[in-house]
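Q:
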Ligand code: WQD
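Residue numbers (the working numbering): 11 to 345.
Structure below.
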């Protein structure tokens, strides 16, 4: 299929572009480069050994989206484009609703004009809010605790209404847990602009000496060792999940929400220890107060992904830590 990836030069978009190409799809990357670099396109082409199209543009530009869908004879869309920093979303909520929700409406309108009604949507486990029970199943109540999570839930609900209104729509909303790691080549990975929010890029920056130490936010949680527990999933497993979702939508219509996680939780200290052990390096850290908005633990029940998509995570924490540092070292040298 010809697949458009909005946000395709981003962290998860670029890895998904790789996997979809290897699956035989022709991918077109559509990105405004607000949080990624165009050089990613050449790196993807280097890895897959063939070209992939790139269009610089914003998903709020409905006319450009419409023209792009037509020009590349798109059959399906994987929609990554959006703002994704939880803390920032509380400071600038309207930016999040405009870029994420309005951007999705713009995309849907463009798709409708071209008769394209197959979408895999990049959603997030943040839609669940604070867990009432674990592991998290898709039936768990959705009660996001921040504008970022609410924007994702609004988009899911819009897509559900759309699928109810027109049986031709085929939608999978993939609810990601904590994506980490990088492609084995180390050529693409998570390279946040500015100061990272997420744990793994901060660990890699401490490991290479770019930062002096890591702050561990809270060691008094009701968890095994008192630090936060999350379901870390290798970005390549996540990318495989998108390919599986597109295959599923070839035979299935309607709207489906599906968790993508390993089903296992690891604490911050366990991640630090695994990183040090597999990479043979030090990661200096100190305990700091809890971060506002954090919950003690959450991890997925990936059973529905197994049943509907025949997908499960294959890579473990060690692979995540090795690939993350390899990318940090290569990017460090390149930049
Ligand atoms: C993981 C753990 C922190 C940084 C967020 C978004 C979520 C998704 C993934 C988009 C927590 C601890 C972190 C640090 C630390 N993004 N930590 N020191 O908050 O679980 O999820 O990213 O979809 O929507 O909410 O990820 O990597 O920020 O934190 O101790 O310097 O690491 O307290 O326990 P989080 P994270």
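Virtual Cβ for every residue (Gly too), placed ideally from N, Cα, C.
In this text the structure is predicted, and so the values were computed from the model without any measurement.
#1: Would the beta-carbon of residue 45 be found less than 6 Å away from any heavy atom of ligand 1?
#2: Using a threshold of 7 Å, state whether the C-beta atoms of residue 341 and residue 201 are closer than that.
#3: Measuring CB atoms only, is the stretch 55 to 70 touching the stretch 26 to 38, in the sense that at least three cross pairs come out at less than 8 Å?
#4: Cβ of residue 212 versus every heavy atom of ligand 2: is any distance shorter than 6 Å?
#5: Give me, in chain order, the residues of the same chain whose beta-carbon lies closer than 6 Å to that of residue 305; leave out the 5 immediate sequence neighbours on both sides.
#6: Which ranges would you report for the beta strand (DSSP E) in the stretch 198 to 270 if only whole runs of at least 3 residues count?
#7: How should residue 347 be labelled, buried or exposed, when 16 other C-beta atoms within 10 angstroms of its C-beta is the threshold for buried?
#8: Mind checking which residues open and close the beta strand (DSSP E) that includes residue 308?
#9: Output needed for residue 328: all residues of its chain with C-beta closer than 7 Å, excluding positions within five of it in sequence on either side, in chain order.
#10: Does any heavy atom of ligand 1 sit closer than 6 Å to the C-beta of residue 226?
#11: Would you mind working out which of 162, 196, 199, 197 sits nearest residue 184, comparing C-alpha positions?
#12: Could you tell me how far apart the beta carbons of residue 187 and residue 300 are, in whole angstroms, since I believe they sit closer than 8 Å?
#13: Using the DSSP secondary-structure output, state which residues sit across from residue 182 in a beta bridge.
#14: Residues in its own chain within less than 6 Å of residue 74 by CB, not counting five upstream and five downstream?
#15: How many angstroms separate the CA atom of residue 286 from the CA atom of residue 236?
#16: Work out the CA separation of residue 175 and residue 22 for me, nearest whole Å.
#17: I need the DSSP call for residue 36, collapsed to helix, strand or coil.
#18: Residue 14 lies in the beta strand (DSSP E); which residues open and close that run?
#19: Could you please give me the residues that DSSP links to residue 188 through a beta bridge?
#20: Just curious, the alpha helix (DSSP H) that residue 295 is in, first and last residue?
#21: Tell me, to the nearest whole angstrom, how far the beta carbon of residue 268 is from that of residue 314; I am working on the premise that it is less than 8 Å.
#22: Any chance the CB of residue 286 is under 6 Å from a heavy atom of ligand 1?
#23: Can you determine whether any heavy atom of ligand 1 sits closer than 6 Å to the C-beta of residue 207, and answer yes or no?
#24: Should residue 177 go down as buried or exposed, given a rule of 16 or more other Cβ atoms within 10 Å for buried?
#25: Would you give the residue range spanned by the alpha helix (DSSP H) that residue 80 belongs to?
#26: From what residue to what residue does the beta strand (DSSP E) around residue 88 run?
#27: Return the residue from the list 48, 83, 47 that minimises the CA-CA distance to residue 35.
#28: Looking at residue 330: is its Cβ nearer than 7 Å to the Cβ of residue 231?
#29: Let me check understanding here. Comparing Cα to Cα, which of 210, 62, 147, 71 lies closest to residue 266?
#30: So, under 8 Å CB-CB, residue 69 and residue 62 are touching, yes? Tell me the CB distance rounded to an integer number of Å.
#31: So residue 224 and residue 295 are in contact, right, with Cβ under 8 Å, and what is the actual spacing, rounded?
#32: What are the boundary residues of the beta strand (DSSP E) that residue 292 is part of?
#33: Which whole-angstrom value is the C-beta distance of residue 110 and residue 303, which I expect to be below 8 Å?
#34: Compare the Cα-Cα distances from residue 293 to each of 214, 260, 332 and report the closest residue.
#35: May I have the straight-line CA-CA distance separating residue 182 from residue 129, to the nearest angstrom?
A: Quick answer:
#1: No; taking the cut-off as 6 Å, the Cβ of residue 45 has no heavy atom of ligand 1 nearer than that.
#2: A contact, by the Cβ cut-off of 7 Å.
#3: Two segments are said to touch when three or more pairs of C-beta atoms, one from each, lie closer than 8 Å; by this definition the stretch 55 to 70 touches the stretch 26 to 38.
#4: Ligand 2 is not part of the structure shown, which contains ligand 1 as its ligands.
#5: Cβ contact annotation for residue 305 (same chain, cutoff 6 Å, sequence separation greater than five): 140, in chain order.
#6: The DSSP assignment places complete beta strand (DSSP E) segments of no fewer than 3 residues inside the stretch 198 to 270 at 224 to 227, 242 to 244, 264 to 270, in order along the chain.
#7: Residue numbering for the chain in the displayed model covers 11 to 345; residue 347 lies beyond these limits and cannot be assessed.
#8: For residue 308, there is no enclosing beta strand (DSSP E), as DSSP gives it neither H nor E.
#9: Listed in chain order, the non-local C-beta contacts of residue 328 below 7 Å within the same chain comprise 284, 288, local neighbours out to five positions each way being set aside.
#10: Yes, Cβ of residue 226 sits closer than 6 Å to a heavy atom of ligand 1.
#11: Of the candidates 162, 196, 199, 197, the one whose C-alpha sits nearest the C-alpha of residue 184 is 162.
#12: Between residue 187 and residue 300, the beta carbon gap of about 20 Å keeps them out of contact (Cβ cut-off 8 Å).
#13: DSSP, once it has assigned bridges, lists 130, 266 as partnering residue 182.
#14: Apart from the 5 residues on each side of it in sequence, residue 74 sits with its Cβ closer than 6 Å to the Cβ of 67 in its chain, given in chain order.
#15: The straight-line gap from Cα to Cα measures roughly 19 Å.
#16: Rounded to the nearest whole angstrom, the C-alpha separation of residue 22 and residue 175 is 30 Å.
#17: Note: residue 36 maps to strand in three-state DSSP.
#18: DSSP places residue 14 inside the beta strand (DSSP E), whose first and last residues are 12 to 16.
#19: Answer is 242.
#20: Per DSSP, residue 295 lies in no alpha helix (DSSP H); the unbroken beta strand (DSSP E) holding it starts and ends at 295 to 298.
#21: Correct: roughly 5 Å between the Cβ atoms.
#22: For ligand 1, no non-hydrogen atom lies closer than 6 Å to the CB of residue 286.
#23: The answer is yes for residue 207.
#24: Answer is exposed; the Cβ neighbour count stays below 16.
#25: Counting along the chain, the alpha helix (DSSP H) containing residue 80 begins and ends at 72 to 81.
#26: Per DSSP, residue 88 is one residue of the beta strand (DSSP E) stretching across 86 to 89.
#27: Out of 48, 83, 47, 83 has the C-alpha closest to the C-alpha of residue 35.
#28: In this structure, residue 231 does not lie closer than 7 Å to residue 330 by Cβ.
#29: Residue 147 is the option with its Cα nearest to residue 266.
#30: About 18 Å; that fails the 8 Å criterion.
#31: Contact between residue 224 and residue 295 holds: their C-beta atoms lie close to 4 Å from each other, under 8 Å.
#32: Note, residue 292: premise wrong, no beta strand (DSSP E); not H, not E.
#33: Not a contact, Cβ separation roughly 18 Å.
#34: Nearest of 214, 260, 332 to residue 293, Cα basis: 214.
#35: If you take the alpha carbons of residue 182 and residue 129, they lie about 7 Å apart.
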